[in-house]
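Read the structure below first, then the notes.
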Amino acid sequence: MGKEYNVPQKKQEEKFIQGANQDLKKKKPLKKPKKITITFSEEEYEKLKEKSSGIGLGIATYIRSLIYRDI
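Residue numbering for the sequence shown follows my numbering, starting at 57 and increasing by one per position.
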């Protein structure tokens, strides 16, 4: 049977962090997401503003409608 050694808590934490860092180095970096540009006409922009509380929400709603229209 092997002997049990008492390793101080700090050493265990350091070893864990070193192992985690090595794992991160092995993994390939994430690819940058592609930029999506959406152009609105003035009329569409005004409609989106009216429909939602904020233009960001209106744009999100518009994108969702585009996505789910095809399905």
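A virtual CB, placed ideally from N, CA and C, is assigned to each residue, including glycine. Keep in mind that this is a model prediction, so the values were computed, not measured.
Where residue i sits in the DSSP three-state scheme
i	result
residue 72	helix
residue 91	coil
residue 97	coil
Supposed close pair residue i, residue j - CB separation, criterion 8 Å
i	j	result
residue 119	residue 104	Contact flag wrong, Cβ pair sits at about 11 Å.
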